[in-house]
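**Q** Numbering (our numbering), first residue to last: 165 to 365.
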Amino acid sequence: MIRLGVLISGSGSNLQAIIDAVSDGELDAEVALVVSSRPEAYGLVRAHAAGIPTMALAKEVYRDPLYADALIEAELRAARVDYVVLAGYMRKVCRPLLEAYPDRIINIHPALLPSFKGAHGILDAYNAGVKVTGVTIHFVNEEYDKGPIIAQRPVAIEEDDVLESLEEKIHSIEHRLYPQVLQLIATARVSIDQSGKVRIQ
Ligand code: GRF
Numbered sequence: 165m166i167r168l169g170v171l172i173s174g175s176g177s178n179l180q181a182i183i184d185a186v187s188d189g190e191l192d193a194e195v196a197l198v199v200s201s202r203p204e205a206y207g208l209v210r211a212h213a214a215g216i217p218t219m220a221l222a223k224e225v226y227r228d229p230l231y232a233d234a235l236i237e238a239e240l241r242a243a244r245v246d247y248v249v250l251a252g253y254m255r256k257v258c259r260p261l262l263e264a265y266p267d268r269i270i271n272i273h274p275a276l277l278p279s280f281k282g283a284h285g286i287l288d289a290y291n292a293g294v295k296v297t298g299v300t301i302h303f304v305n306e307e308y309d310k311g312p313i314i315a316q317r318p319v320a321i322e323e324d325d326v327l328e329s330l331e332e333k334i335h336s337i338e339h340r341l342y343p344q345v346l347q348l349i350a351t352a353r354v355s356i357d358q359s360g361k362v363r364i365q
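#1: For N291, is the classification buried or exposed, using 16 other Cβ atoms within 10 angstroms of its Cβ as the cut-off for buried?
#2: Alpha carbon to alpha carbon, what distance is there between L330 and I166?
#3: Pick helix, strand or coil for N178, following the three-state DSSP scheme.
#4: In whole angstroms, give me the CA-to-CA distance for G360 and E307.
#5: Does the structure place the segment 294 to 311 close enough to the segment 277 to 286 that three or more beta carbon pairs sit under 8 Å?
#6: Beta carbon of L191, beta carbon of R210: below 7 Å?
#7: Keeping to the same chain, check which residues put their C-beta closer than 6 Å to that of R202; ignore five residues upstream and five downstream.
#8: At the level of alpha carbons, what is the spacing between K295 and I321?
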């Protein structure tokens, strides 16, 4: 069974989907630690309700991002975390974490990368008027929103969609896809080939 460290900054609905998948027996993993970049994040309430240890960092700590990541890395190591799962984590991951967890940090992005990178993937796709957007799950490397792609799902933007309805569609796909992908990782079915592409057996 793999041990996950989940990094959040906000509502934590993806964290909740992961917690639920573990308790439903759909994901062979344990959430060993939840780290929040914001002490007021609602995701911390979800973690406490599930009995998961937490760590919250005040924003002053991020004045030195290398120091913040070194603190997080030490805590993840102490919790014997195997994989780091970014779930709405609004900080850039830097060297101390990348070096400690090479090809073991996973992110979910609410658009079809490489389109609509950045912090507002849903809004940017909506405003651009594209007819299809979606969800991407990828490994994290030093290039922001550019690591090897593990899975993508398309979401159609219909004539009658407003931003809120599009957000709902994206989130409901995310909540299904993230636990599925983590289960593929937990069962060692995900690898990166020599060309840097993800292969799933
Ligand atoms: C998700 O849409 C995720 O793709 C993005 O941030 C959002 C996090 O939502 N990176 P939540 O905190 O999991 O509810």
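Built from N, CA and C at the ideal position, the CB exists for glycine as well.
**A** So, to answer that:
#1: As a first step, residue 291 must be located in the sequence shown, where it is residue number 127. Exposed.
#2: Along the sequence shown, one-based indexing puts residue 166 at 2. Along the sequence shown, one-based indexing puts residue 330 at 166. Their backbone Cα atoms lie some 33 Å apart in a straight line.
#3: As a first step, residue 178 must be located in the sequence shown, where it is residue number 14. Correct three-state label for N178: helix.
#4: Here the question's residue 360 lines up with position 196 in the sequence shown. Here the question's residue 307 lines up with position 143 in the sequence shown. Whole-angstrom Cα-Cα distance: 14 Å.
#5: yes
#6: For this step, residue 191 is matched to residue 27 along the sequence shown. For this step, residue 210 is matched to residue 46 along the sequence shown. Result no, Cβ atoms of L191 and R210 do not sit closer than 7 Å.
#7: Here residue 202 refers to the residue found at position 38 when the sequence shown is read from its first residue. S173, listed in sequence order.
#8: Locating residue 295 in the sequence shown gives position 131, where the first residue counts as 1. Locating residue 321 in the sequence shown gives position 157, where the first residue counts as 1. Each residue's Cα considered, the two are about 5 Å apart.
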